[in-house]
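Visitor:
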Amino acid sequence: MKKYICFNKRFNVQLLKQDLAIATTRNWKEHFNRNDFEGKWESISLRSATGSELDILANCDQQSYRDTNLLEHTPYLKSILEELLFDKEAVRILALYPGGEIKPHRDRGCDYKSKHFRLHIPLQTNSNVHFTVGGERLFLEEGSLWYIDFDQIHSIENKGNEMRAHLVIDGIRNQWTDDLFASHGYDLKEEQEKETEYDEETMLKIISDLEKMDGPAAQAIIAQYKKKLNERA
Numbered sequence: 001m002k003k004y005i006c007f008n009k010r011f012n013v014q015l016l017k018q019d020l021a022i023a024t025t026r027n028w029k030e031h032f033n034r035n036d037f038e039g040k041w042e043s044i045s046l047r048s049a050t051g052s053e054l055d056i057l058a059n060c061d062q063q064s065y066r067d068t069n070l071l072e073h074t075p076y077l078k079s080i081l082e083e084l085l086f087d088k089e090a091v092r093i094l095a096l097y098p099g100g101e102i103k104p105h106r107d108r109g110c111d112y113k114s115k116h117f118r119l120h121i122p123l124q125t126n127s128n129v130h131f132t133v134g135g136e137r138l139f140l141e142e143g144s145l146w147y148i149d150f151d152q153i154h155s156i157e158n159k160g161n162e163m164r165a166h167l168v169i170d171g172i173r174n175q176w177t178d179d180l181f182a183s184h185g186y187d188l189k190e191e192q193e194k195e196t197e198y199d200e201e202t203m204l205k206i207i208s209d210l211e212k213m214d215g216p217a218a219q220a221i222i223a224q225y226k227k228k229l230n231e232r233a
């Protein structure tokens with residue numbers, strides 16, 4: 001499975017920064033998980049469970065989310081959300097200030113195969129931001145659109161002199177996103193095959209049941225499962 005996708009889509013950086021400037025006039029909240037970072041890491045919400053800009057909790061699971069007042073004052077960001085045709089959960093701007101570090105960690109269940117996913121659009125960044133995902137360093141350009149499998153170990157360091165700010169969109173997978181991801185190399189067939197893989201105990205039970213049947217079709221399936229068991233050994 002892909003650790004990340006940089007989509008073939010670019011947004012207007014000037015308009016992104018105009019909306020970011022509007023957001024910076026509001027009150028922001030320090031990130032809730034102090035164990036995962038050092039320095040200054042703050043957030044403000046465009047969509048949240050309570051509808052409050054200062055409700056920055058985000059869980060990749062099903063619950064009701066509402067637009068915040070800030071979304072009505074950031075028209076370009078709102079238009080981007082309307083362009084992305086899937087149900088949105090939490091939508092936040094996250095800002096890591098110079099000298100800040102987000103330590104290596106995983107966000108369990110926040111990956112495409114788990115049906116809930118996270119997109120990033122960098123609003124402001126610099127070349128001295130070190131972003132590592134699954135052991136690979138990435139540079140996310142301003143105005144680009146990324147999917148990242150945050151179930152992978154990832155970390156960020158802002159070694160530059162200006163704030164790194166990203167629009168972070170949590171979404172629920174649907175057919176539109178399947179088509180989008182597949183068009184950028186995400187292997188839906190491989191994912192489906194992995195979902196239908198059986199553990200060793202189940203395979204042995206299937207083989208035992210098939211051996212009670214007669215005919216070439218059953219024998220062919222038995223041979224396939226025995227081959228898989230040998231490959232795992």
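Take the sequence shown: its letter number 140 is residue 140 in full-length UniProt numbering, and every next letter is one higher. Using N, Cα and C, we set each Cβ at its ideal position, and we do this for glycine too. All values reported here derive from a predicted model rather than from experimental measurement.
Just the C-alpha distance for Cys110 and Gly171, rounded to the nearest angstrom, thanks.
Guide: Here residue 110 is taken as the residue at index 110 of the sequence shown, counted from 1. Here residue 171 is taken as the residue at index 171 of the sequence shown, counted from 1. C-alpha separation (whole angstroms): 10 angstroms.
Visitor: Under a Cβ-count criterion, where at least 16 other Cβ atoms within 10 Å of its own Cβ denotes burial, should Ile153 be classed as buried or exposed?
Guide: Locating residue 153 in the sequence shown gives position 153, counting from the first residue. Exposed is the call here.
Visitor: Looking at the structure shown, is Leu77 part of a helix, part of a strand, or coil, going by DSSP?
Guide: Taking the first residue of the sequence shown as position 1, residue 77 is located at position 77. The answer is helix: DSSP assigns Leu77 an H, G or I state.
Visitor: Please classify Ser64 as buried or exposed, where buried requires at least 16 neighbouring CB atoms within 10 angstroms.
Guide: Your numbering for residue 64 matches position 64 in the sequence shown. Exposed.
Visitor: Rank Ile156, Leu71, Leu229 by C-alpha distance to the C-alpha of Leu96 and give the top, closest one.
Guide: To locate residue 96, count along the sequence shown from 1; it is residue 96. Comparing Cα-Cα distances from Leu96 to each of Ile156, Leu71, Leu229, the minimum goes to Ile156.
Visitor: What alpha helix (DSSP H) runs, 4 residues minimum, are completely inside the UniProt domain "Aspartyl/asparaginy/proline hydroxylase" (23-173)?
Guide: For the UniProt domain "Aspartyl/asparaginy/proline hydroxylase" (23-173), whole alpha helix (DSSP H) runs of length 4 or above, ordered along the chain, are 69-72, 75-83.
Visitor: Could you give the distance in angstroms between the alpha-carbon of His130 and the alpha-carbon of Leu210?
Guide: In the sequence shown, residue 130 corresponds to position 130, counting from 1. In the sequence shown, residue 210 corresponds to position 210, counting from 1. Spanning the two alpha carbons is a distance of roughly 54 angstroms.
Visitor: Which two residues bound the contiguous alpha helix (DSSP H) that contains Phe181?
Guide: Here residue 181 refers to the residue found at position 181 of the sequence shown. Note, Phe181: alpha helix (DSSP H), 175-183.
Visitor: If I follow the unbroken alpha helix (DSSP H) through Lys9, where does it start and stop?
Guide: The residue given as residue 9 occupies position 9 in the sequence shown. Unbroken run through Lys9 is the beta strand (DSSP E), 4-10; no alpha helix (DSSP H).
Visitor: Whole angstroms are fine: how far does the CA of Arg106 sit from the CA of Glu82?
Guide: Taking the first residue of the sequence shown as position 1, residue 82 is located at position 82. Taking the first residue of the sequence shown as position 1, residue 106 is located at position 106. Roughly 29 angstroms between the two C-alpha positions.
Visitor: Where does Met213 fall in DSSP's three states?
Guide: The residue labelled residue 213 in the question sits at position 213 within the sequence shown. In the structure shown, Met213 sits in coil (DSSP, three-state: anything other than H, G, I, E or B).
Visitor: Who are the Cβ neighbours of Leu138 in its own chain at under 6 angstroms, not counting the five residues just before and after it?
Guide: Here residue 138 refers to the residue found at position 138 of the sequence shown. Result list for Leu138: Phe131, in chain order.
Visitor: Could you tell me the distance, in whole angstroms, from the CA atom of Thr202 to the CA atom of Lys189?
Guide: Walking along the sequence shown from the start, residue 202 turns up at place 202. Walking along the sequence shown from the start, residue 189 turns up at place 189. Looking at the two C-alpha atoms, the distance is approximately 22 angstroms.
Visitor: If we count the other Cβ atoms within 10 Å of its Cβ and call it buried at 16 or more, is Leu85 buried or exposed?
Guide: The residue given as residue 85 occupies position 85 in the sequence shown. Its Cβ having fewer than 16 others within 10 Å, Leu85 is exposed.
Visitor: DSSP three-state label for Asp187, please.
Guide: The residue you call residue 187 lines up with position 187 of the sequence shown. Coil at Asp187, not helix or strand.
Visitor: Sorted by chain position, which residues of the same chain lie with C-beta nearer than 7 angstroms to Leu15's C-beta, five sequence neighbours on each side aside?
Guide: What you label residue 15 is simply residue 15 of the sequence shown in a count that begins at 1. Around Leu15: Tyr76.
Visitor: Assuming Gly143 contacts Phe11 (C-beta within less than 8 angstroms), just tell me the rounded distance between them.
Guide: In the sequence shown, the residue the question calls residue 143 occupies position 143. In the sequence shown, the residue the question calls residue 11 occupies position 11. That pair is a contact at about 5 angstroms.
Visitor: Can you tell me whether DSSP reads Asp19 as helix, strand or coil?
Guide: Position 19 of the sequence shown, counted from the first residue, corresponds to residue 19. Helix, per DSSP.
Visitor: Under 6 angstroms Cβ to Cβ from Glu89, same chain only, skipping five residues before and after it: list those, please.
Guide: What you label residue 89 is simply residue 89 of the sequence shown in a count that begins at 1. Only Tyr65, Asp170 meet the Cβ criterion.
Visitor: Which residue from Glu72, Asn158, Thr24 puts its Cα closest to that of Gly39?
Guide: Within the sequence shown, residue 39 is the residue found at index 39, counting from 1. It is Asn158.
Visitor: Check each candidate in Lys29, Thr50, His73 and name the one with the smallest Cα separation from Trp41.
Guide: Here residue 41 corresponds to residue number 41 of the sequence shown, with the count starting at 1. The shortest C-alpha separation from Trp41 is found at Lys29.
Visitor: Trp176: buried (16+ other C-beta within 10 angstroms of its C-beta) or exposed?
Guide: As a working note, residue 176 is residue 176 in the sequence shown. Answer is exposed; the Cβ neighbour count stays below 16.
Visitor: What's the C-alpha gap between Leu123 and Val91?
Guide: By 1-based counting over the sequence shown, the position of residue 123 is 123. By 1-based counting over the sequence shown, the position of residue 91 is 91. C-alpha separation (whole angstroms): 14 angstroms.
Visitor: Within a Cβ cutoff of 7 angstroms, which residues of the same chain sit near Lys103, ignoring the five residues on either side of it in sequence?
Guide: For the purposes of this step, residue 103 is taken as the residue at position 103 of the sequence shown. So the qualifying residues of the chain are Asp36, Phe37, Ser155.
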